[in-house]
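**Student:** Residue numbers (this note's numbering), protein chains in the order written: chain H, 243 to 1058; chain X, 4 to 160; chain R, 9 to 575; chain A, 0 to 113.
1) Compare the C-beta of residue 153 (chain X) with all C-beta atoms of chain A and state if any pair is closer than 9 Å.
2) Is there a Cβ of chain H sitting closer than 9 Å to that of residue 542 (chain R), yes or no?
3) I'd like to check one pair, residue 146 (chain X) with residue 52 (chain X): are the Cβ atoms closer than 9 Å?
4) Is the beta carbon of residue 87 (chain X) less than 9 Å from the beta carbon of residue 141 (chain X)?
5) Just to confirm, are residue 487 (chain R) and residue 405 (chain R) a CB contact at a threshold of 9 Å?
6) Identify every residue that forms a DSSP beta bridge with residue 1017 (chain H).
7) Nearest chain R C-beta to residue 863 (chain H) closer than 9 Å, yes or no?
8) Using a Cβ cut-off of 8 Å, which residues of the segment 502 to 522 of chain H contact any Cβ in chain R, in chain order?
9) Terminal residues of the continuous alpha helix (DSSP H) containing residue 87 (chain R)?
10) Residues in the segment 71 to 105 of chain A with C-beta within 7 Å of chain X's C-beta atoms, listed in sequence order?
11) Which runs of the alpha helix (DSSP H) at least 4 residues long sit entirely within the segment 446 to 482 of chain H? Give them in chain order.
12) Anything in chain A within Cβ reach of residue 929 (chain H), meaning under 8 Å, just list it in chain order.
13) Extract the residue ranges of the beta strand (DSSP E) inside the segment 242 to 304 of chain R, only unbroken runs of 3 or more that lie entirely within it.
14) Apart from the five residues on each side of it in sequence, which residues of its chain come closer than 6 Å, Cβ to Cβ, to residue 155 (chain R)?
15) By how many angstroms is the C-alpha of residue 132 (chain R) removed from the C-alpha of residue 148 (chain R)?
16) Should residue 160 (chain X) be flagged as near chain A, meaning a C-beta pair shorter than 9 Å?
17) Determine the chain R residues that contact residue 201 (chain H) at a beta-carbon separation under 8 Å, and present them in chain order.
18) Which chain H residues sit within Cβ distance under 9 Å of residue 460 (chain R)?
19) Using beta carbons (cut-off 9 Å, strictly below), is residue 60 (chain A) in contact with chain X?
20) Determine the closest residue to residue 283 (chain R) out of R:174, R:271, R:273, R:299, with distance taken between C-alpha atoms.
21) Under three-state DSSP, which class holds residue 362 (chain H)?
22) Any idea if residue 722 (chain H) is buried or exposed, counting beta-carbon neighbours within 10 angstroms, 16 or more meaning buried?
23) Applying the 10 Å Cβ sphere with the 16-neighbour rule, what's the burial state of residue 213 (chain H)?
24) Give a yes or no on whether the C-beta atoms belonging to residue 870 (chain H) and residue 67 (chain A) are separated by under 9 Å.
25) Between which two residues does the alpha helix (DSSP H) carrying residue 108 (chain A) extend?
26) DSSP state of residue 369 (chain H), grouped into three classes?
27) Using CA coordinates, which residue listed in A:97, A:79, A:103, A:94 is at the minimum distance from residue 933 (chain H)?
28) Taking just the CA atoms, how far does residue 547 (chain H) sit from residue 362 (chain R)?
29) Suppose you measure from the CA of residue 902 (chain H) to the CA of residue 949 (chain H); what does that come to, to the nearest Å?
30) Would you call the segment 395 to 412 of chain H and the segment 361 to 372 of chain H in contact, with 3 or more CB pairs under 8 Å?
31) In three-state DSSP terms, what is residue 409 (chain H)?
32) The beta strand (DSSP E) spanning residue 322 (chain H) covers which residue range?
33) Confirm, please, whether the CB-CB distance from residue 605 (chain H) to residue 554 (chain H) is below 9 Å.
34) Taking all protein chains shown into account, decide if residue 52 (chain A) is buried (16 or more other Cβ within 10 angstroms of its Cβ) or exposed.
35) Looking at the structure shown, is residue 501 (chain R) part of a helix, part of a strand, or coil, going by DSSP?
36) Do residue 491 (chain H) and residue 398 (chain H) have their CB atoms nearer than 9 Å?
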């Protein structure tokens, strides 16, 4: 299968390579526009919304251009050739659908924002970020390279972070933004690891030359890749890692917790990012990788199905129940979004064609009704002044057009025939049913759970629609009419819902069929849906859903309270998140002062312990034996001098006063000087003697200004611990001396210096290849290793600067 | 201990007057002969610094400023001595680096040292002039200046 | 031999001395200082051009024999791709930080000692990157440390003296330990020259080298480098010293000086000690080279650093503190791929691991200095870096906020910022080792992921508290209105000459923006950074090439000596 | 040739130095550092061996290698001594400044607030 194999079932669209310039423009035009937005805002003020909408419209036009051209294939631009990473874009059905959503819903949302954001702060930032988000989302949709995909993926998380935190002063916004960032970006990192393992696998198979980052190349060699992964036991890890990316982004249980909080963002953002597009990225990912991981003929319960069908159905059900427990319309819609994303992921999880069909179709359907509903929620919040479900009702009278949109979209969301949501849900039922039938046994759980979850979906959908009916609750103030800019976009989406509902096959043929082609391996055929005319098992599933839903609707409040009552402590995913984040902070506050005590003794203890452990570890690892001891090997005077030094050092330790200590310390120093004489190092002896004197002078000068002696009476355990550590350090040093003096390597340097240090017997006018002095030590210092000396005198000069700085900067302190 | 002359005895002053010049001469001798016998810029410098430190400990800073360097010991010029030491250190370092840079002009690596034999000089007959000596003088002044800055600044306190 | 090798060192040294001599004139001193930093960058670029460019071709290894004595008798300076890579970071960051310093450091302090010390610090760093001699490395460490001691205690107040005390004492212990390691290595191998050391370790019999103790001695040396890099359990000095130092100094300490420890680890353990063949069998550690021992060591230290630093940063209530703990964690991220490389199952993964460490180090150098400078600007403007004193700065100082955000995102690893590629390569090295079944690679991945999550946690927390939220009273007093570059109104806490203050603030923010632009630029143009880092990693792992270049390098050597002839 | 005696002496010196570094009196800490650095220098000299004459050649021409002490370690130690002096002086003045700023040289009292 080549990269641009025509879809045999879609003869009307001939394969055409995408136009590189257009594809590039689709992705980067929004970024470019975002960069100019602050300047535009200075010019246009609030009308920047329409500038942004125009940009989105141009983008939509460019996407449409590629769609109409029948573009299908990959265009790549060199980016990091050394790594094999390119800025590759792949245009196919799935990419086009997501691109249509990003740019099309973008036009509507940006227009809607023109009304919604009236008088709001931070508009330049708002529109710039929205445009950047749109570019990122288009990038995700079109990316044909793993790294390029990841880049845009993370950029969507980032723009989401900024948009959720739009009301920067609000604690809730900050909490929500941080939560979404923590969850989605962390998930992205797991996904990245999954990608890297895939790249590794591509390098292992002979089917692919070298390694590849190209998603389409990986898919083209899906069998080989799977083989490598299975053989090395990495198939499940990769699925889990990539799945974590998808699950966090698409708010799958238990990572759904960030989505309801994300509703702190202005409502257009919720509609755009957190229902129609960004959260679809995870779903998109699952669809994109489906042909890579799901063999065509997978009849058994494979790893893929086990992971994604279970994840999806769990999310679909749990999130739908949570939506019923919601008290805020945006919260309800948020949980509903998670639930529907679960539906799509579950659908993609099944190996049969119905699953792929359901997923592909529901991406479109969900975007159409959910974005509309969010905009409706925005209108309600904006015009009624509240989002609390129990404070709303009878809105139909004030918001008649909005009510129509809401009812149409809600019914579609409920999966009520003949609306479009019904068709995709029906396909899901069909796929669960076939999966159960094929696999048997435990797999029958799938259809049961699907129906169970759908009942709750039905319930909350009807609840949302019912806000427009019944009596107005007390306390609901005057409800304004929405501005036209806020009404047209949801109306367009409502019309789209109706259009898809009326002619589903038109949309399938035009677009969704191609999406289907993208999410199944090999050559794809399109599909079509029909309004059921006979009583199939899955039609029965739909009937059960609707009937049970309708019967239990009167008990909605009981269910609502019941679920809320069950959500206590650890049953709430939020409990885990909050405790994790809180726990991090409290751990930090509790643990850090225990490590960074500010006490030198703690620091020195650990550092010296590290030194001892490394040294002894090194000796032990090399298997060193303590060398044979062959007598004293030093002359008696040296022994005596060093013994005096030892005694003096010990006396320093128990010195009764500072002055006494310093004096005994200098005895150590002078003994060392004598030792140098005995060790045939006259230069050292001289230097040591004079330096010792100078140190003594400075010591005495400083001591003169210090308080007398601190009675150092540590408790016994501290003393013993310090003593043990000191002993360990001493032992390590002693061992080091033994080991290193045991060696006698070739003394090449010594020989050279002595041969070349002096002046040659016969000397030419000027020479530079002999040291030219009898005192080899000095020749080394000024010639052989002159640069050491250079560094050293710099240190001395700096030491004088140090003293100056210490004394003179006193009181010049920074404002800290 | 701000150098009150009352705390020093006549004996110690006399001793210092005799000892300090001797030490200084020794220090300079050490500097000069360092290339061939124990000594060198370092050792000479440290010894010279020690001599000054001794003077300081015995006589106090004011004495040095007033009697030796002719500086009025009022508050405004308190740091003047330190400043001189500082210049000494900086110039010493500059000399060391400059002399090390000189070989670059002759297309030889940094810090290349050479020896020139000047023949036919009376008494000595021949004189070795080691380029390293310039470097050593730089070292000497850098170290003396640095150490004295430290001692004087500490003493100033 | 090309004088270019020593040129950066000389430029920095001469600048340091000139700033000592031009002390009487403020303007002259600052001009010399600035010109010196520019000259340094020019020298580094020229050297870079000589060694690495054109990209893709075989990088050169240039050797300079100071004093004209051949290796191993004189001191060799070696400029290979690895050294030059680190120098490039130094040149770039040190120039920008200096510009910032002139705008931010107390005028009296600048006159007194700041400029010479700053350039001496660069001298120490440069010498450490270039030297091919282990004792000379000690000397440059001391140069670098002495200047950093003073710069840490620069303002000489309560906090500064206390922080400096711990910093100085720990590093003095470190210096003594380093001397022991160097003495021991000299005693067992008979040389101080790194290339000669590698050569002798590779053929211990030929030189009567005692190979076995060398492992322990190199481990002793490792503790010193870990101390410089701030790797657990040697990280203790980091938070207090970083808080105490003036912010530009902290930017240099975290951005560049720390990397000297990292460089030394790469240079000595991957280029030099890797030459030794030794049979290890100890506590489950096995292998046939020193790296077999250091792999697990580096892993444990890196893992503890990542987690400890990350946990530490999450709960801090001051921006500098968060950044300092982050710095501990991030150094763990630099060393983690080195641990993977040390025990790598294949040469490819080994190169990848070292490349990852280098790229990460480079990005950390850019981003951490950016963040410390941003934090410094906040302190200069608002008068505090306690997060309880801050808030709402995103609206009041949007340019600064954007700079900070980009810096934080770079460290979090959000693409296409350059930091992403650092994280990406770290993950890739670990993932490939994991896939190839290397022991512990899975654990390395887990640690890296945990650390990355912690990074998000503490940077989002800092961002929320400082830049979002409601402006605090202090913020309202200092910046009552929106302030950005070019804007006219800014009320400063301490009044004074408004024009000058505004210029200084603009300079500071401009430096922050420049670093942010670099973070974006190196991300989008990652190819160049990667190719350079890759060349550096190859150079780091090419022991024979290193030995060959140095031992057959220029200078007067033994042949001339035994032959008795003169040049 | 193994230097057993020096091994013991250096071991004990390091033990004492380390113990001092862990005390609470800052002055004692400086003493400890001082002892440790001195010991490190002695260690370095030890690495050169003691079986030769001072490395000072008599007159011109190459010396007798076998009969001369290793000059390299001596040069290294000379550098180390001077650097050590600079840092000791810094540590001492720093001690004084710490006392001025905090009114104490008790490590425990200093460490009270991070």
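Here a beta-carbon is modelled for each residue, glycine too, at the ideal position from N, C-alpha and C.
**Tutor:** Taking the definition as stated:
1) yes
2) yes
3) In this structure, residue 146 (chain X) lies closer than 9 Å to residue 52 (chain X) by Cβ.
4) no
5) Yes. Within cutoff.
6) A:55
7) yes
8) Answer in chain order: no residues at all.
9) Looking at the DSSP string, residue 87 (chain R) is not in any alpha helix (DSSP H); the run it does join, the beta strand (DSSP E), is 83 to 87.
10) 77, 81, 88, 92
11) 457 to 462, 464 to 473
12) Chain A residues near residue 929 (chain H): 77, 80, 81.
13) 285 to 290, 293 to 297
14) 125, 128, 129
15) 5 Å
16) yes
17) The structure shown does not extend to residue 201 (chain H), since chain H is modelled only from 243 through 1058, so no value can be given for it.
18) Correct list: 427, 428, 431.
19) Here residue 60 (chain A) scores only 49 on pLDDT, less than 50, and its place in the model should not be relied on; the value that follows carries that caveat. No, residue 60 (chain A) lies away from the interface with chain X (no Cβ there is under 9 Å from its Cβ).
20) R:299
21) coil
22) exposed
23) Nothing about residue 213 (chain H) can be reported from this structure: the residues present for chain H run from 243 to 1058 only.
24) no
25) 106 to 109
26) helix
27) A:79
28) 39 Å
29) 14 Å
30) yes
31) Residue state, collapsed to three classes: coil.
32) 315 to 322
33) no
34) exposed
35) Residue placement at residue 501 (chain R) cannot be trusted, given a pLDDT of 44 that sits under 50; what the coordinates show is reported in the next sentence. If DSSP states are grouped into helix, strand and coil, residue 501 (chain R) belongs with coil.
36) Contact: yes.
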